[in-house]
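Asker: One structure is given below, represented as structure tokens, and several questions about it will come after.
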Amino acid sequence: MLKKILSLFLILLPINAFALIEVDITRGNLNPLPLAVSPLSIDENSRKSFQKLLKKENIGSEISIIVENNLKTSGLFNPLDKKAFLQAPDIANLKPRFEDWNLIKAQALITGKVNYVDDKLRVEFRLWDVLAAKEMMALAFTTVPNNWRRVGHIISDKVYERLTGEKGYFDTRIIYVSEEGPKTQRIKKLAIMDQDGANNKFLTLGNELVLTPRFNPASQMVTYLSYFKNMPRVYLLDIETGTQEVVGDFPGMTFAPRFSPDGKKIIMSFAKDGKSDIYTMDLENRIVEKITNHPSIDTSPSYSPDGKLITFNSDRSGYQQIYVMKNDGSDVKRISFGNGLYGTPVWSPRGDLIAFTKLHKGKFYIGVMRTDGSGERLLTENYYQEAPSWSPNGRVLIFYRETKTNSKGEGFSAKLWSIDLTGYNERQIKTPTDASDPSWSSLLSN
Amino acid sequence: MRLNKILKNTLLVLLACIALSACATKKEVATDIQGQMQGDVYTGTDTVEYLADGVPDRVFFATNESILTTASRETLRAQAGWLRKNSSINVVLEGHADERGTREYNLALGERRANAAKDYLMTYGISSDRITVLSYGKERPVDSGSNPLAWSKNRRSVTVKAN
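Residue numbers (our numbering), protein chains in the order written: chain A, 5 to 450; chain B, 1403 to 1565.
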């Protein structure tokens, strides 16, 4: 839906092919690139039109603030203080005085302008290499005014991609479980928000327990676990229409659902007689296939991005460990051999890593390992945290963290956090209520 | 000289013994005061409700385990006796885990615990038609504490009347 509304086209401008600026994404936030985000300029008529429509005094500034925040939270960029800017936004967009931007140590500059054209929002922006005194990129978008936040996210993605050489992750959403009430009787609702926490919306009312929502990587569908009528079952939810349906006709608990990378299948666990096995269901022909068959607990399955392999959690060795198998269930190999227990394996969208939760000596860790189990790296340690979910570019993990209660059982909280694959840039993502089980969407546009 | 040394050593050993036994006594007293766990299985009655006189509604488990303890089997035999006498009553076995585990694995573990209880009831003649298993994983703790005693109360299978 949104994708159709948003048209995107390139302005034809000669741009020099090679740039001097480069951001090394693998290094973490040791040296974030200093950059200036000049407020998008806006003519007085357009400003007034948008003020009436969107209740924002200056939509140009608002959009540039979104870009600034996104680039800053990535940990790779250091947006400079606007007070130090010498050049007016409209003039800078025509032709920056590079000496001025150089003076405040900006290595890159973002300029642009906003117009109100035929009831639509038209935004153009340019990215400049200050040291080389060259334009690196120029793009324009036209969209419905209500999409103004997404315009900010798309600009952020384009800048991120141009400067790092990898796709961004800003024009995305996060689905999660909102939590309220005492720990013994938590009320849980599905909720969705933009990646930066804006536009939070509750999708269920909290009448029944809901857990582990996950996005379809190919559409705006979500699969999750609901205790509707006290029967824990895997459900499908279409976010656009709100329609829900139960997945498959199983006599017992189905749980731990995830989509296949093409979005055509759901993989999940089915528990019966004290055993949990992994099944898939084809969403088109509804054919159910049993993938694992073992007296142990087999759960938390996740496909490799090419769909050929599955990583999952099993206690067949006696304790929770991580395994990899072919998508037909053959060739099962254990890959976690470190000290402690391992759970919640999730395959990176880049294919090279598996993120996991580890429990060792009373501490919980979020970590990554290669898909053969080598190169284990623990990114963060805490009292309780689990359930990592990858950003669509495979550079950031989002997960949830719970606090320890005091001797009276008070002081419990659950919050969403994100951390870079490098182990740097750990941040809390603000939510209106307590939150858990986050899942990151794919890029809404490309 | 030599004797002196031997005496000294003996004395040291004796002193050590006294110290140790003092420790041991102290420890025993400590467990007695707490008195609610054996290994890490809850043995207290704080949270226990009763289906009928002398029929506790729940059994407790060790960390990551679904094995029934001697006390659990006794409880379940009492439940089976009560269910035989009340043949029109059906039950839901609600399986639970503590908060120190990943959500999805705990859902499976809760199911496994409730099934351990179900299997035992069945060996005492209760038909599987009368028993439904429902796992809550770590979603419904009875004790919100973040300590081993609270966790031990939460690792449980509770037999609940369904009708």
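Just so it is clear, CB atoms sit at the ideal spot from N, CA and C, and this is done for glycine as well.
Being a predicted model, the structure only gives us computed values, none of them experimental.
#1: Identify, in the order they occur along the chain, each residue of the same chain with its Cβ nearer than 8 Å to the Cβ of Arg381(A), setting aside the five sequence neighbours on each side.
#2: Pull up the distance between the alpha-carbon of Ser352(A) and that of Ser446(A), whole angstroms please.
#3: Please report the straight-line C-alpha distance between Val71(A) and Thr115(A), rounded to a whole angstrom.
#4: In the DSSP assignment, what residue or residues form a beta bridge with Ile46(A)?
#5: Does DSSP classify Met1403(B) as helix, strand or coil?
#6: Mind listing, in chain order, the continuous alpha helix (DSSP H) runs of no fewer than 4 residues lying wholly within the region 280-326 of chain A?
#7: How is Ser443(A) classed by DSSP in three states: helix, strand or coil?
#8: If you measure between the beta carbons of Thr176(A) and Trp421(A), is that distance less than 9 Å?
#9: Express the C-alpha separation of Arg51(A) and Glu66(A) in angstroms, rounding to a whole number.
#10: Measuring CB to CB, does Pro517(A) end up less than 9 Å from Phe263(A)?
#11: Quick one: what does DSSP say Ile243(A) is sitting in, helix, strand or coil?
#12: The beta strand (DSSP E) spanning Tyr369(A) covers which residue range?
#13: Classify Ile108(A) as helix, strand or coil using the three-state DSSP reduction.
#14: Using the beta-carbon of each residue, which ones in chain A are nearer than 8 Å to Asn1492(B)?
#15: Cα-Cα, which of Phe54(A), Leu80(A), Lys330(A) and Lys76(A) is closest to Pro36(A)?
#16: Using CA coordinates, which residue listed in Arg130(A), Thr284(A), Val134(A) and Thr77(A) is at the minimum distance from Asp2(A)?
#17: I'd like to know whether the C-beta of Tyr283(A) is nearer than 9 Å to at least one C-beta of chain B.
#18: Hey, Thr315(A) and Pro305(A): beta-carbon distance below 9 Å or not?
#19: Who does His1498(B) pair with in a DSSP beta bridge?
#20: What are the boundary residues of the alpha helix (DSSP H) that includes Ala1516(B)?
#21: Among the residues of its own chain, which have a CB less than 6 Å from the CB of Arg296(A), if the five just before and after it don't count?
#22: Let me check one thing: in DSSP terms, what residues is Pro1458(B) bridge-paired to?
#23: Quick one, which residues of the region 247-281 of chain A are near chain B if we go by CB-CB under 9 Å, in chain order?
#24: For Tyr323(A), count neighbouring Cβ atoms within 10 angstroms of its own Cβ and tell me buried if that reaches 16, exposed if not.
#25: Could you give the first and the last residue of the continuous alpha helix (DSSP H) run that contains Tyr164(A)?
#26: Assuming Asp343(A) and His364(A) make a contact with CB atoms under 8 Å, what is their CB distance in whole Å?
#27: Is the beta carbon of Val1535(B) sitting closer than 9 Å to the one on Lys1520(B)?
#28: If the criterion is Cβ atoms closer than 9 Å, does the pair Ser68(A) and Ser42(A) meet it?
#29: So, at 7 Å on beta carbons, what are the nonlocal neighbours of Phe102(A) in its own chain, with the 5 sequence-adjacent residues on each side left out?
#30: Measuring CB atoms only, is the region 1443-1462 of chain B touching the region 1552-1562 of chain B, in the sense that at least three cross pairs come out at less than 8 Å?
#31: Just verifying my parser: in three-state terms, what is the DSSP assignment at Ala1473(B)?
#32: Where do the N-terminal and C-terminal ends of the alpha helix (DSSP H) with Gly64(A) fall, by residue?
#33: So is Glu1451(B) in contact with chain A if we call contact Cβ pairs under 9 Å?
#34: Run the proximity test for Leu287(A): is its beta-carbon closer than 8 Å to any non-hydrogen atom belonging to the ligand COA?
#35: Could you tell me whether the Cβ atoms of Ile358(A) and Thr375(A) are closer together than 9 Å?
#36: Run through the region 117-146 of chain A for me and flag every whole beta strand (DSSP E) of 3 or more residues, listed as ranges in chain order.
Answerer: For this structure:
#1: Gly371, Val372, Met373 and Gly427
#2: 13 Å
#3: 11 Å
#4: Val118(A)
#5: Only weak support exists for where Met1403(B) lies, its pLDDT of 44 falling under 50; the value from the coordinates is given anyway. Three-state DSSP puts Met1403(B) in coil, outside helix and strand.
#6: none
#7: strand
#8: no
#9: 11 Å
#10: This structure leaves residue 517(A) out entirely; chain A is present only between 5 and 450.
#11: coil
#12: Lys367 to Arg374
#13: coil
#14: In chain order: nothing, as chain A lies at least about 14 Å away.
#15: Leu80(A)
#16: Beyond the ends of chain A as shown, which are 5 and 450, falls residue 2(A); an answer cannot be given.
#17: no
#18: yes
#19: Gly1539(B)
#20: Arg1505 to Thr1525
#21: In the sequence as displayed, the identity of residue 296(A) is Thr instead of Arg. So the list reads Asp281, Ile282, Asp302 and Gly333, once near-sequence residues are dropped.
#22: Tyr1452(B)
#23: Gly256, Met257, Phe259, Ala260, Ser273, Ala275, Lys276, Asp277, Gly278, Lys279 and Ser280
#24: exposed
#25: Trp152 to Thr168
#26: The sequence given here places Asn at residue 343(A); Asp does not occur at that position. Going by Cβ atoms, the distance from Asn343(A) to His364(A) rounds to 6 Å, so yes, they are a contact pair.
#27: yes
#28: yes
#29: Val134 and Ala137
#30: yes
#31: helix
#32: Ile63 to Thr77
#33: no
#34: You won't find the ligand COA in this model; it holds no ligand whatsoever.
#35: yes
#36: 124-133
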